[in-house]
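Take a look at the structure below.
Residue numbers (the numbering used here): 23 to 400.
Structural data, given as C-alpha cells:
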C-alpha cells in the first residue's frame with residue numbers, strides 16, 4: 023500500500039531546489055487543484071515556458087520511474103496527447119561527490135539526489151526531495167473536460183464524450199515493442215491492481231479499524247472477478263492511462279477540442295479493457311438512479327470503435343471489467359478515507375460504496391444487453 027499522504031504546501035525555496043535539479047528556473051509558481059496522488063505546481067520561466075511540478079505523495083521511486091518511462095515512450099512513438107517529462111540535470115553519485123563538505127551540510131535537509139537505485143548512467147526523469155519522488159512535465163494548456171462541460175453551455179456533451187472514446191483508442195493503438203522495458207499491471211499502475219491481486223490491499227484493510235465494514239465482505243466477493251479479469255492472457259494489452267475520467271482530460275476551453283491526458287499515476291501496460299471500463303464508470307454511470315446513461319454509453323463506444331474495434335473476447339469481458347473497475351474505485355476511495363480518518367469523509371465513502379453495491383445489480387444486466395446488441399460493434 024502507498025504510505026500515508028502528506029498534502030502540505032511547499033515553500034518557494036523547496037520548489038526552486040527541486041526545479042534546479044531539472045535545470046528549470048521559475049519566476050512564478052502556483053499550486054494547482056488536484057487529488058491525492060500528487061501535489062502539483064504550475065511553474066513558469068521568464069520566457070514563458072510552462073511546466074507542471076508533481077510532488078508524488080506517498081509513492082515509491084520505482085512507481086514514478088514507471089510512469090515517466092511510459093510517458094517518454096509514448097512521446098517518442100509519436101503520441102502527443104500528454105506533457106513530456108523533463109530530464110533531471112544530474113547524473114547520480116558523481117555529481118554529489120563533487121560538492122564540498124560545507125555544501126553537503128547545507129543541503130542535508132533538502133537533498134534531491136537519489137544515490138541508491140543503480141541507474142547512474144541512465145537519463146532520469148525524477149528526483150527525490152525529502153524522501154518524496156518528484157517529476158516535471160511540460161504543461162498541457164486548457165481546462166478539464168469536466169470543467170468545460172460545466173462552464174461552457176454551448177459545448178455539446180456528446181462531442182466531448184465521443185472525443186474521449188476516440189482519443190483513448192488512439193492511445194491504445196500505440197505499439198509496445200518487446201524491448202520497451204515498461205512496467206505492466208502486475209507490477210504497478212491500474213489503480214494498484216497488483217496490490218489487489220497479491221492480497222496486499224485486503225491485508226491492509228482487514229488490519230484497519232474498519233475491518234467490519236460491509237464493504238470488506240463485498241470486496242472479498244468481488245476480488246475473485248478482479249483477479250480473473252486482470253489475469254486473462256487473451257485480452258489485448260497495451261499502454262493504458264489507468265484513470266481516464268473527464269477531470270483528467272484537458273480540452274480547449276471554448277471549442278472542447280482535445281489537448282491531452284494528465285495525471286498518469288496509474289499508467290501501465292495492461293488490458294485495454296481496464297481503460298475502457300474506467301472511462302465508462304466515470305462518464306456513463308448515473309449514481310443517482312444507479313443506471314448506465316444509454317446515450318452516453320453509446321456515444322463513448324461509438325467514438326472509441328471509430329479508431330479501434332473491440333475483439334469478441336473484449337465484448338464478452340466488458341461487463342465484468344466494469345464491475346471490477348467499480349470495485350477498484352471503491353477500494354481506492356475507502357483507502358483514502360481511512361488515511362484521512364475524518365467522520366465526514368467516511369460518511370461520504372459509505373454512501374458511494376452502498377450506491378455501487380446496489381447499482382451493480384442494475385448495471386450488470388443493463389450492460390450485458392448492450393454488449394449483446396449493436397452498440398459495441400457500431
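A virtual CB, placed ideally from N, CA and C, is assigned to each residue, including glycine. Nothing here was measured: the structure is a model prediction, and the numbers come from that model.
Residues of its chain near residue i, where Cβ-Cβ distance is below 8 Å and the 5 sequence neighbours each way are ignored
i           : result
residue 268 : 166, 167, 168, 171, 182, 186, 304 and 305
residue 109 : 44, 145, 146 and 147
residue 37  : 48, 51, 63, 65 and 75
residue 89  : 157, 211, 286, 287 and 289
residue 173 : 165 and 275
residue 34  : 51
Residue i, DSSP secondary structure in three states
i           : result
residue 303 : helix
residue 46  : coil
residue 59  : coil
residue 150 : strand
residue 191 : helix
residue 35  : helix
residue 155 : strand
residue 267 : coil
residue 53  : strand
residue 83  : helix
residue 41  : helix
residue 73  : strand
residue 260 : strand
residue 165 : strand
residue 201 : coil
residue 330 : coil
residue 313 : strand
residue 67  : coil
residue 249 : helix
residue 231 : coil
residue 196 : coil
residue 281 : strand
residue 180 : helix
residue 298 : helix
residue 88  : helix
residue 216 : helix
residue 292 : strand
residue 109 : coil
Beta-carbon separation (whole angstroms), residue i vs residue j, contact threshold 8 Å
i           : j           : result
residue 330 : residue 191 : 4 Å
residue 207 : residue 292 : 3 Å
residue 301 : residue 322 : 6 Å
residue 92  : residue 204 : 5 Å
residue 278 : residue 184 : With 8 Å as the limit, residue 278 and residue 184 do not qualify as a contact, their Cβ atoms being about 11 Å apart.
Own chain, CB closer than 7 Å to residue i, minus 5 neighbours either side, in chain order
i           : result
residue 76  : 60, 62, 156, 157 and 159
residue 259 : 291, 292, 293 and 294
residue 96  : 104, 196 and 261
residue 87  : 148
residue 179 : 171
residue 111 : 43, 44 and 45
Residue from the options with nearest C-alpha to residue i
i           : options               : result
residue 265 : 341, 298, 218 and 72  : 298
residue 328 : 85, 195, 31 and 91    : 195
residue 337 : 313, 282 and 256      : 256
residue 49  : 232, 32, 96 and 67    : 67
residue 241 : 313, 87 and 346       : 346
residue 32  : 270, 102, 313 and 52  : 52
residue 103 : 180, 205 and 193      : 193
residue 71  : 152, 46 and 35        : 46
residue 238 : 250, 223 and 249      : 223
residue 254 : 94, 38 and 342        : 342
residue 270 : 111, 39 and 189       : 189
residue 332 : 315, 296 and 307      : 296
residue 54  : 111, 154, 209 and 162 : 162
residue 213 : 248, 98 and 335       : 248
residue 78  : 251, 101, 40 and 35   : 40
residue 101 : 85, 198 and 153       : 198
residue 99  : 202, 250 and 209      : 202
residue 354 : 226, 251 and 231      : 226
residue 251 : 153, 335, 230 and 236 : 335
Same chain only: Cβ atoms within 6 Å of residue i, ignoring 5 sequence neighbours per side
i           : result
residue 211 : 264, 288, 289 and 290
residue 276 : none
residue 164 : 272, 273, 274 and 281
residue 65  : 48, 51, 73 and 75
residue 94  : 107
residue 85  : 210
Open item on the list: Under 8 Å: do the region 343-353 and the region 212-220 share three or more Cβ pairs, one atom per stretch?
Closed with: Remark: three or more beta-carbon pairs, one from each stretch, lie closer than 8 Å, so the region 343-353 and the region 212-220 are flagged as touching.
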